[in-house]
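Presented below is the structure to which this report refers.
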Amino acid sequence: MFQSFMRSLGHPVEVHYEFDPSTSQPGSDDVLVAPSRGGWVYLRPHYVVPPDALAVEMTQRLGTLASAIMIYEDVLWTHHLVDRGTELDRHVNLPGYFGPGEYDDSWIGDPDVVARSVGVNRAEIAPYFQQVSVRRARSRLLPPPKAHQDDTHALVDGWVVTELWRRMGIHWPGATDTLVRVPLGSEGTEVLSAWARS
Numbered sequence: 001m002f003q004s005f006m007r008s009l010g011h012p013v014e015v016h017y018e019f020d021p022s023t024s025q026p027g028s029d030d031v032l033v034a035p036s037r038g039g040w041v042y043l044r045p046h047y048v049v050p051p052d053a054l055a056v057e058m059t060q061r062l063g064t065l066a067s068a069i070m071i072y073e074d075v076l077w078t079h080h081l082v083d084r085g086t087e088l089d090r091h092v093n094l095p096g097y098f099g100p101g102e103y104d105d106s107w108i109g110d111p112d113v114v115a116r117s118v119g120v121n122r123a124e125i126a127p128y129f130q131q132v133s134v135r136r137a138r139s140r141l142l143p144p145p146k147a148h149q150d151d152t153h154a155l156v157d158g159w160v161v162t163e164l165w166r167r168m169g170i171h172w173p174g175a176t177d178t179l180v181r182v183p184l185g186s187e188g189t190e191v192l193s194a195w196a197r198s
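No gaps in the numbering here: position 139 of the sequence shown is 139 in the UniProt record's numbering, and each next residue is one more.
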């Protein structure tokens with residue numbers, strides 16, 4: 001599907017199946033795809049591609065649900081829940097990160113909507129939908145807040161999305177997973193990013 005989508009943007013791509021991240025490094029402009037696991041497919045584009053726009057397009061084409069995340073500077077993270085081309089929910093962990101006005105109240109996130117849509121226990125995911133002030137995030141007196149005490153990452157660590165996804169039943173690929181590699185190159189990344197921002 002992604003290959004067909006890139007072709008529709010005028011940038012045909014070649015797919016490399018059975019890419020092993022433990023033996024070779026992906027290029028910075030590669031899109032990595034993990035085969036379906038538990039009903040979810042992992043797709044990771046270059047960080048300059050807005051994940052929400054890509055999720056809207058892919059879910060509309062596939063008639064499915066997506067959880068799209070973005071991590072910025074390993075601190076700020078966003079989550080979008082998109083169903084068949086419609087955004088159902090969005091959340092940002094540090095709404096004041098870029099200053100006032102960047103993220104309004106529509107970014108609070110609704111764990112009830114996410115839990116119901118994904119089919120998981122609300123109590124498992126609700127703690128991730130806390131928003132943290134920049135002042136609290138920078139505190140040296142208090143430990144960074146966590147969603148669950150057994151989580152490896154705090155709420156002000158962008159990689160906490162791996163914990164959220166785990167509790168949603170989504171597998172974050174590791175070194176032992178075999179992936180599909182779609183090398184876009186810088187031109188393909190620019191085409192995809194320009195499309196997503198239009």
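Cβ atoms here follow ideal geometry from the backbone N, Cα and C, with glycine treated the same way. Note that the structure is predicted; figures quoted are calculated from it, not measured.
Are the stretch 142-154 and the stretch 105-112 touching, with three or more C-beta to C-beta distances below 8 Å?
Not touching, per the Cβ criterion.
Where residue 199 and Gly27 are concerned, what is the direct C-alpha to C-alpha distance, given to the nearest angstrom?
This structure does not reach residue 199, given that the chain is present from 1 up to 198, and the question cannot be answered.
Report the rounded CA-to-CA distance for Pro35 versus Arg140, giving the unit in angstroms.
Taking the straight line joining both Cα atoms gives about 41 Å.
Might you give, ordered along the chain, the residues of its own chain that have their beta carbon closer than 8 Å to the beta carbon of His16, omitting 5 neighbours on each side?
The beta carbon of His16 sits closer than 8 Å to those of Val180, Arg181, Val182 and Pro183, all from its chain and outside the five residues before and after it, given in chain order.
CB Val134 to CB Gly96, shorter than 7 Å?
Yes, the Cβ-Cβ distance between Val134 and Gly96 is below 7 Å.
Distance, Cα to Cα, Leu155 vs Arg44?
Distance between the alpha carbons of Leu155 and Arg44: 21 Å.
Exposed or buried, which one is Ser24 when buried takes at least 16 other CB atoms within 10 Å?
Flag for Ser24 reads exposed.
Where Arg140 sits in the DSSP three-state scheme:
Three-state result, Arg140: coil.
Pick from Arg167, Ala196, Ser193 and Val191 that is closest to Gly38, judged by C-alpha positions:
Distance check between Gly38 and each of Arg167, Ala196, Ser193 and Val191 places Arg167 closest, using alpha-carbon atoms only.
Residue span of the beta strand (DSSP E) that contains Glu87, given as start and end
Residues Thr86 to Val92.
So, are the CB atoms of Trp195 and Leu32 less than 7 Å apart?
Their beta carbons are not under 7 Å apart, which means Trp195 does not touch Leu32 by this criterion.
So, Ala68 versus Asp83, is the Cβ gap smaller than 7 Å?
For Ala68 and Asp83, no; Cβs fall outside 7 Å.
According to DSSP, what are the bridge partners of Thr189?
Its beta-bridge partners do not exist; DSSP assigns none.
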